[in-house]
Amino acid sequence: MIAARAILSWVSAAVVLTVGGCGSGPSATPDEAVRSSESSGPSASSGPESSSSAGTTTPRDVLVAVRTYVDAVNRQDLDGLVNAFRPDGRIVDVSRTIAGRDAIRTWARNEVIGGSLHVVRIVERRPDGQKLLVRWAPAGSNGWLAHYDFTVAGNQISSADLQYA
Numbered sequence: 003m004i005a006a007r008a009i010l011s012w013v014s015a016a017v018v019l020t021v022g023g024c025g026s027g028p029s030a031t032p033d034e035a036v037r038s039s040e041s042s043g044p045s046a047s048s049g050p051e052s053s054s055s056a057g058t059t060t061p062r063d064v065l066v067a068v069r070t071y072v073d074a075v076n077r078q079d080l081d082g083l084v085n086a087f088r089p090d091g092r093i094v095d096v097s098r099t100i101a102g103r104d105a106i107r108t109w110a111r112n113e114v115i116g117g118s119l120h121v122v123r124i125v126e127r128r129p130d131g132q133k134l135l136v137r138w139a140p141a142g143s144n145g146w147l148a149h150y151d152f153t154v155a156g157n158q159i160s161s162a163d164l165q166y167a
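Going by the numbering used here, the first residue of the sequence shown is number 3, and it counts up by one from there.
Printed below as a string of C-alpha cells:
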C-alpha cells in the first residue's frame, strides 16, 4: 500500500497542471514537486481532486475564479484567461506589474498561452483569496515551482501575485 502511494504521488507530480507566468527561471523535477507536496502534511490539500476539461486535475477547494484561470491556461484559451480577471485586474509577475485586461491579454498572449499550469497544493486560504503552490511550465520547458497568490472579488480575480517558490 505504501509503495502504491509513493508511485501514485510520483505520477501525480509528473502529470502537472500548471498556471501561467513567472517569466523564466529554475526548473524543479517531479521528485522535488512530490517532496514539496509531501512535506506539507495532510492539511495541505483538503479534499479530493476533480478533473478539468483539459484532462488535468485541480483540487476542488481552488476558488472558482482561480480555477477558471488555471483551466484557461491549460486550454490555451486567451479570452477565458483574460475574462477570469476584473476589468481593473492586475498581475505582478515577479517584479513587473501588468494592469488592466488589455495589458493582461498582451502578457498572456506573449508569455502564458502555450504553457501548462499544475496546482500542487493550496498554501494559504483567506476570505478574499488564496495562495497556491503551482508548477508553471512555459511551452517547451519542464517548468518550475512558483507561488501564485490570488485575490478575488466575486467570481473574478482582482490581483494575482506570481513569484518563484
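All C-beta atoms, glycine included, are put in the ideal place defined by N, C-alpha and C.
Annotation for L119: the continuous beta strand (DSSP E) segment containing it runs S118 to R128. In the DSSP assignment, A139 falls outside any alpha helix (DSSP H) and within the unbroken beta strand (DSSP E) covering G131 to A139. At least 9 Å separates the beta-carbon of Q158 from that of V94. Between L119 and N76, the gap from beta carbon to beta carbon is short of 9 Å.
Bounds of any beta strand (DSSP E) do not take in R62, whose DSSP letter is neither H nor E. According to DSSP, residue pairing for I93 in a beta bridge involves I100 and A162. Between the segment 133 to 153 and the segment 98 to 110 there are fewer than three C-beta pairs closer than 8 Å, too few to call the two in contact.
Here DSSP, grouped into helix, strand and coil, assigns D73 to helix. Each residue's CA atom was taken as its position, placing P129 and S97 some 25 Å apart.
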